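Protein chains in written order, with my numbering: chain A, 4 to 17; chain B, 3 to 259. Idealized CB from N, CA, C, for every residue including glycine. Values in this document were obtained by computation on a predicted structure and should not be read as measured data. Beneath this line is the structure, given in structure tokens, with notes to follow.
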Amino acid sequence: QKKQQSISSFFAPK
Amino acid sequence: MLEARLEQAELLKKVVDAIKDLVQDCNFDCNDSGVALQAMDNSHVALVSMMLKSEAFSPFRCDRNIALGINLSSLTKVLRCAQNNDILTVKAEDAPDVVNLMFESSDSDRLSEYDIKLMDIDQEHLGIPETEYAATVTMPSPEFQRICRDLSALSESVSIECTKEGVKFACNGDIGSGAVTLRSHSDVENPDQNIKIDLTEPVALTFSLKYLSNFCKASGLAKSVNICLSNEVPLLVEYGLAANSYLRFYLAPKIGD
């Protein structure tokens, strides 16, 4: 089962 | 103060329609380069990034940075009061409590004015790195919408695989499996139907069809859509708008076994 990643784990807060 | 006039209210109506099911409250960040919006969905899986450049408006005036915190369902209610062909003017003071929307009929003397109360939205901005994607697929936006809809009937997820052979959208569900493969295609008579695949290396990633179908609500904004992929990074689905403006959706992949 593939796990849904979170967008914030790829794009850091500015 | 902000004063921005759009020739056709249709553009903003369609943009808000395309994103309102994904994000609820968001800041429209206005400065002299235009109006921008960046917002994550509640579950932090997808990110919407919109840019309406100042050239998309005529005239456009914004003396200082203004963040207009707007509830999109409120904005939808007001935008429904505008006809597609109405001229739309958005106005706000420098430290505004409300945003004013004015709709003018181009062929009658009707003038409608609405104020929407603004919200204080504390939204964190994410830095989106400049990415050279391994694969960029340009295809007709209705075609992408149809594929997402068709595969949604079978499965929650789709794998998108780009190779030099083409791009393959495949899914596997309880009732069975399905796949749609597209190859590069150039139609001189009908350039809207062109399919272009720019590939520097093969890519295979899995995404939620629920989100992709949601992004496809923007299909009415552009005849073609760019789908940009690199292994292990979020997918970019981009609808180009007039005057270098855009509506972009980023979607985090599903990873692992």
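Item to complete: Give me the Cβ distance between residue 142(B) and residue 225(B), rounded to the nearest whole Å; I'm assuming they're in contact under 8 Å.
Response: Here residue 142(B) refers to the residue found at position 140 when the second sequence is read from its first residue. Here residue 225(B) refers to the residue found at position 223 when the second sequence is read from its first residue. Yes, residue 142(B) and residue 225(B) are in contact; Cβ-Cβ is about 6 Å, under 8 Å.
Item to complete: Quick one: list the residues of chain A neighbouring residue 100(B), beta-carbon separation under 7 Å, in chain order.
Response: As a first step, residue 100(B) must be located in the second sequence, where it is residue number 98. Those within 7 Å of residue 100(B) in chain A number zero; the least Cβ separation is about 28 Å.
Item to complete: Enumerate in chain order the residues of its own chain whose CB-to-CB distance from residue 139(B) is below 6 Å, with the five nearest sequence positions on each side excluded.
Response: As a first step, residue 139(B) is located in the second sequence; it is residue number 137 there, counting from the start. Same-chain partners within the cutoff: 169, 199, 229.
Item to complete: Would you kindly report the start and end of the unbroken beta strand (DSSP E) that includes residue 195(B)?
Response: Locating residue 195(B) in the second sequence gives position 193, where the first residue counts as 1. Counting along the chain, residue 195(B) falls outside any beta strand (DSSP E), and DSSP gives it neither H nor E.
Discussion item. By the three-class DSSP mapping on this structure, what secondary structure does residue 29(B) have?
Written reply: One-based indexing of the second sequence puts residue 29(B) at position 27. It is a strand residue.
Discussion item. With three or more C-beta pairs closer than 8 Å as the rule, is the segment 71–86 of chain B touching the segment 100–108 of chain B?
Written reply: yes
Worksheet item: Quick one, which of 242(B), 48(B), 10(B), 243(B) has its alpha-carbon nearest residue 130(B)'s?
Response: Indexing the second sequence from 1 puts residue 130(B) at position 128. Taking only the C-alpha atoms, the option nearest residue 130(B) is 48(B).
Practice prompt. Would you identify the three-state DSSP class for residue 112(B), choosing helix, strand or coil?
Written response: The residue labelled residue 112(B) in the question sits at position 110 within the second sequence. Reduced to three states, the DSSP call for residue 112(B) is coil.
Discussion item. Here's the rule: buried if 16 or more other CB atoms are within 10 angstroms of the residue's CB, otherwise exposed. What is residue 88(B)?
Written reply: Here residue 88(B) corresponds to residue number 86 of the second sequence, with the count starting at 1. The residue in question, residue 88(B), is buried, as its Cβ has 16 or more Cβ neighbours within 10 Å.
Item to complete: Within the same chain, show all residues whose beta-carbon is closer than 7 Å to that of residue 217(B), passing over the 5 residues directly before and after it, in chain order.
Response: In the second sequence, counting from the first residue as 1, residue 217(B) sits at position 215. Counting only Cβ-Cβ distances below 7 Å, and skipping sequence neighbours, we find 239, 251.
Worksheet item: How would you call residue 83(B), buried or exposed, if buried means at least 16 neighbouring beta carbons within 10 angstroms?
Response: Start at 1 with the first residue of the second sequence, and residue 83(B) comes out as number 81. With fewer than 16 Cβ atoms within 10 Å of its Cβ, residue 83(B) is classed as exposed.
Discussion item. So within the segment 80–136 of chain B, which uninterrupted alpha helix (DSSP H) runs reach at least 4 residues, ignoring any that extend past its ends?
Written reply: none
Discussion item. So if DSSP puts residue 175(B) in a beta bridge, which residue, or which two residues, is it bridged to?
Written reply: In the second sequence, residue 175(B) corresponds to position 173, counting from 1. Paired residue(s): none; residue 175(B) is not in a bridge.
Discussion item. Count Cβ pairs between the segment 12–28 of chain B and the segment 142–160 of chain B that sit closer than 8 Å; are there 3 or more?
Written reply: no
Item to complete: Out of 180(B), 186(B), 210(B), 219(B), point me to the one whose CA is closest to residue 8(A)'s CA.
Response: Against the first sequence, residue 8(A) aligns to sequence position 5. Answer by Cα proximity: 210(B).
Fill in: Closer than 8 Å at the beta carbon, the chain A residues around residue 178(B)
Against the second sequence, residue 178(B) aligns to sequence position 176. Ordered by position in chain A, no residue passes the 8 Å Cβ test against residue 178(B), which lies about 19 Å from the chain.
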